[in-house]
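One structure below.
In this note's numbering, the protein residues as written are 114 to 291.
In structure tokens form, the structure reads like this:
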């Protein structure tokens with residue numbers, strides 16, 4: 114399955130991926146080997162503190178990471194200690210992220226930070242011949258049966274392109290991650 118949107122420097126930078134139970138995300142999200150892929154466990158991100166800890170752990174944020182929204186945005190827009198040709202953040206079980214009653218409103222802030230990091234990377238100078246930014250995308254992965262856990266995901270569905278198979282058929286169609 115080819116996902117060209119994740120290799121682009123264009124918005125949107127945060128995406129929703131609704132998948133079947135048991136479906137292997139690494140098979141769905143095929144990105145080039147030179148990309149840095151980080152998987153965040155949504156189950157560990159039920160609170161803001163848990164989310165910030167999980168990002169800090171997975172990305173090996175520097176000791177000076179301030180454990181607040183501004184610090185998360187700054188670290189995601191930097192990543193000097195993690196050089197790559199592109200970045201993909203996959204948040205599994207996204208329906209579990211920021212679900213404590215007093216933190217549900219923080220979900221929109223979280224998605225905005227992911228998008229702002231993508232925008233920052235799109236504007237950076239890169240080492241390739243074009244000199245134009247680097248891809249940075251976040252995928253909020255949620256099982257189909259949990260999609261309705263939120264009224265608004267604040268991220269559009271990930272456009273997925275299925276390649277036609279040798280057996281023919283109508284597999285060349287685009288799906289909206291449904």
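A virtual CB, placed ideally from N, CA and C, is assigned to each residue, including glycine.
Check                                                                                                                                                                                   : Outcome
Return the CA-CA distance between residue 286 and residue 177, expressed in angstroms with no decimal places.                                                                           : In this prediction, residue 286 scores a pLDDT of 37, lower than 50, which makes its location untrustworthy; the coordinate-derived value is nonetheless stated afterwards. Going by the C-alpha atoms only, they are around 47 Å apart.
Does the stretch 251 to 271 come into contact with the stretch 120 to 137, if we say contact requires no fewer than three beta-carbon pairs (one atom in each stretch) closer than 8 Å? : yes
Going by DSSP, what residue range makes up the beta strand (DSSP E) through residue 151?                                                                                                : 148 to 154
With the cut-off set at 8 Å, would you say residue 165 and residue 226 are in Cβ contact?                                                                                               : no
Do residue 162 and residue 204 count as a contact pair if the criterion is CB distance below 8 Å?                                                                                       : no
Relative to the alpha-carbon of residue 119, which residue among 137, 133 and 141 has its alpha-carbon at the smallest distance?                                                        : 141
For a test of the three-state rule: what should DSSP assign to residue 118, helix, strand or coil?                                                                                      : helix
Quick check on DSSP: helix, strand or coil for residue 173?                                                                                                                             : coil
Once DSSP output is grouped into helix, strand and coil, what is the label at residue 132?                                                                                              : strand
Using three-state DSSP, classify residue 272 as helix, strand or coil.                                                                                                                  : coil
Expressed to the nearest angstrom, what Euclidean distance is found between the alpha-carbon atoms of residue 253 and residue 233?                                                      : 19 Å
Report the CB separation of residue 258 from residue 134 in whole angstroms; it is logged as a contact under 8 Å.                                                                       : 7 Å
Counting C-beta neighbours from all protein chains within 10 Å, is the total for residue 271 16 or more, i.e. buried, or is it exposed?                                                 : buried
Looking at the unbroken alpha helix (DSSP H) that takes in residue 222, where does it start and where does it end?                                                                      : 219 to 236
Assuming residue 154 and residue 136 form a contact by the criterion Cβ under 8 Å, report the distance between their Cβ atoms to the nearest whole angstrom.                            : No, residue 154 and residue 136 are not in contact; Cβ-Cβ is about 17 Å, not under 8 Å.
So residue 213 and residue 247 are in contact, right, with Cβ under 8 Å, and what is the actual spacing, rounded?                                                                       : The pair is not a contact, with the Cβ atoms about 34 Å apart (cut-off 8 Å).
Return the residue from the list 223, 139 and 215 that minimises the CA-CA distance to residue 152.                                                                                     : 139
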